[in-house]
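Here's the structure we're looking at; comments come further down.
Residue numbers (the numbering used here): 2 to 753.
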């Protein structure tokens, strides 16, 4: 447990919890915490197994919060575990579940083969003893976790899906065991004794498969934070007493002077003292173009120094750095995301008590007023009620649809990290797109080449010659804008020439001698400093800048001969996907750290009218919260580290598979192919899957509701009809078949 002061009158605590397995568990813990005096808000995250609690220090404390959680039957983690400890524990839990599933699957297969063989060959019930032996480890070793959870719920006067599993499988197992050891009892009743060991084993094995998949996915919640922490260098080079010393990163103090060379990561936040360079801040800002840095400019930890060497003074270290704040934002956003209460759990909370009460009443009525022998009739009908009420169809309704739905998504390149994500995605009302690398390619490219008419007449300079000239000079440059020009020339098959006296002007441009001419390429600021007249290009350069492009002047012998514009261009399918999302009834918003002009230019081409521009990395999650507070259910689409907090905060985070590992780990859905069309595919799949789940739950509940009165014997007084447990099991099996068959429809549905 960890507490941190948020305001003078309010404290937040992050409490680790073990033993939760479904949304019903989450709801019970949240309810217990909220009912604790002094607690203002409580949010429990099933994936990270943590509760984020806000409370008044004078009214509640960590001890009281721990007692409230323990009272619900779950274990409180006394200290906050490290990322490595959480991952190790999740891995151990996953391996244990996987081992149990393998054993259960093998035994269940043998049980199914044995049951079919016994049925076809007409073997006596004594031969079913071996089926009993095979079922015991499945029922009581593999299924022990279901019994423990059901008992924990029962001690607190509640029930959940585990209660359904225990009631159903126990009824099938005990009835079958009785048929093996006391077949004469059924013969006395005029019934043909049957065994249902395969039913009990199959239910437990399928439910356990779902738990295995959940355990494997659970480790991804900490992977996002671990990858973020790995961005920070382990060591730092400091300047102390005019000598360079290398120290561990945790020994850096505010005021230390850090020495940085080209290609190195900036270890902490600070301010440049000497030197100039360009810094790649795309991981934080999302902007693909490096930012020029000189004396007095701020630098941010975990960004990358590209070209120059410089020194800077550390201003923020440890938990105060921008990277540490992003890590904290990701963790808080994950912790504040309360899982949606599953409809199956809601039904189970009412259904299980009703079934048990009905079975007990059935036994009592038949024992008191039934024909002789009353005990036998009462017990037979009691068992029939429990068997027909076996929750296999209700328990399979959600996981089968989710398994087929997520598999269908994977075939389409859409990786959905769990059934809960499908439940949330179908409620989305707003899709927020990051700009750089998401709507756009994320790499600068040449968009315009403009030649001077006068220059063309005097030196016969064509558009192709202008590009060849510029690319020949920029070939020696490491700046992304220059590399974009070189790549464009290569794409057009141009042969570049050798240059002499090349010089890179940090933050301004490049110059060289080419074929006896002095060539200068750079910004308007560089030309003004060199005293070069812009001629008629100033208006055109302004037009390009307003369109979100970076205009570069090409000067030959102090005469401007042309303009080359470079920009991060829109992905080919972006506009079509935006239109598709709108046709699904969704509002589309673009979120970017770029300036308003650049944002508007890109948004116009994409067909987006709602723009959130000039948003700092730490404010992206806040913008998502603002939309949520306005009533929107938000899906965030991004690809960069700077998007991670917003991806975690959104109701559904969607990351491009071509983006950073941190964004992928923080998101709920990953588009493996990096294709934006996967956004609408994921939403369409979610809507179809939820429709199937609702149908499954309805029919599963309808089967049980219609069958229970029949099993209770309501037709016996008028028609002398009793439901044989064999037919009760058949009805139960048919309900399961209908649920699975309905779920399999997702495999052939068109996701358009």
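Cβ coordinates follow ideal geometry from the N, Cα and C atoms, glycine included.
Which stretch, first to last residue, makes up the beta strand (DSSP E) that contains residue 255?
No beta strand (DSSP E) contains residue 255, which DSSP labels as neither H nor E.
From the DSSP output, in three-state form, read off residue 496 for me.
coil
So with Cβ pairs under 8 Å, would you call residue 489 a contact of chain C?
Of the protein chains in this structure there is only one, and it is not chain C.
Starting from residue 68 and walking both ways along the alpha helix (DSSP H), at which residues does that stretch end?
63-71
Using alpha carbons as the reference points, say which of 195, 166 and 167 lies closest to residue 177.
195
Please report the distance separating the alpha-carbon of residue 548 from that of residue 598.
7 Å
Express the C-alpha separation of residue 432 and residue 546 in angstroms, rounding to a whole number.
28 Å
Between the CA atoms of residue 41 and residue 77 - distance to the nearest angstrom:
20 Å
Which whole-angstrom value is the C-beta distance of residue 640 and residue 445, which I expect to be below 8 Å?
Between residue 445 and residue 640 the Cβ distance is about 16 Å, and since that is not below 8 Å, they are no contact.
Use the C-beta contact count for residue 145: other C-beta atoms within 10 angstroms, 16 or more gives buried, fewer gives exposed.
exposed
Quick one: what's got a C-beta closer than 7 Å to residue 203's C-beta in the same chain, skipping five residues either side?
109
Helix, strand or coil: how does DSSP classify residue 14 here?
strand
Considering residue 691, what are the terminal residues of the beta strand (DSSP E) in which it resides?
Run containing residue 691: none in the beta strand (DSSP E); it sits in the alpha helix (DSSP H), 678-713.
Excluding the 5 residues flanking residue 106 on each side, which residues of the same chain have their C-beta closer than 7 Å to its C-beta?
206
Of all the beta strand (DSSP E) runs that stay within the bounds of the stretch 555-628, which reach a length of 3 or more residues?
560-571, 588-592 and 611-613
One question on the structure: do residue 509 and residue 527 come within less than 8 Å of each other, judged by their Cβ atoms?
yes
Would a C-beta distance cut-off of 8 Å place residue 209 and residue 98 closer than the cut-off?
yes
Roughly how many angstroms lie between the CA atoms of residue 595 and residue 282, to the nearest whole one?
12 Å
Secondary structure of residue 552, DSSP reduced to three states
strand
For the beta strand (DSSP E) containing residue 637, list its first residue and its last residue.
635-639
Proximity of residue 783 and residue 442 at Cβ, strictly below 8 Å
What the structure shows of the chain is the stretch from 2 to 753, and residue 783 is not part of that stretch, so it cannot be assessed.
Strand pairing of residue 505, partner residues [DSSP]:
511
Cβ-based burial, residue 370 [other Cβ within 10 Å; buried from 16]:
exposed
Do residue 658 and residue 648 come within 8 Å of each other at the CB atom, strictly closer than that value?
no
Can you look up residue 834 in the DSSP assignment and give me helix, strand or coil?
With the chain represented from 2 up to 753, any question about residue 834 goes unanswered, as that position is not in the structure.
Exposed or buried, which one is residue 536 when buried takes at least 16 other CB atoms within 10 Å?
exposed
State the start and end residues of the unbroken alpha helix (DSSP H) segment that holds residue 469.
464-475
Cβ contact check for the stretch 583-591 and the stretch 551-558: 3 or more pairs under 8 Å
no
Quick test of your reading: residue 170 and residue 201, contact by CB under 8 Å. State the CB separation rounded to the nearest angstrom.
4 Å
Suppose you measure from the CA of residue 494 to the CA of residue 561; what does that come to, to the nearest Å?
25 Å
Fully enclosed by the stretch 429-459, which beta strand (DSSP E) runs are 3 residues long or longer?
431-435 and 441-452
Mind checking whether residue 409 and residue 653 have CB atoms under 8 Å apart?
no
Heavy atom of the ligand COA less than 7 Å from the Cβ of residue 30, yes or no?
Annotation note on the ligand COA: not contained in the displayed structure, which lists no ligands.
Stretch pair the stretch 467-481 + the stretch 625-635: three plus CB contacts closer than 8 Å:
no
Given this structure, state the Cα-to-Cα distance separating residue 56 from residue 63, to the nearest angstrom.
10 Å
May I have the straight-line CA-CA distance separating residue 712 from residue 723, to the nearest angstrom?
7 Å
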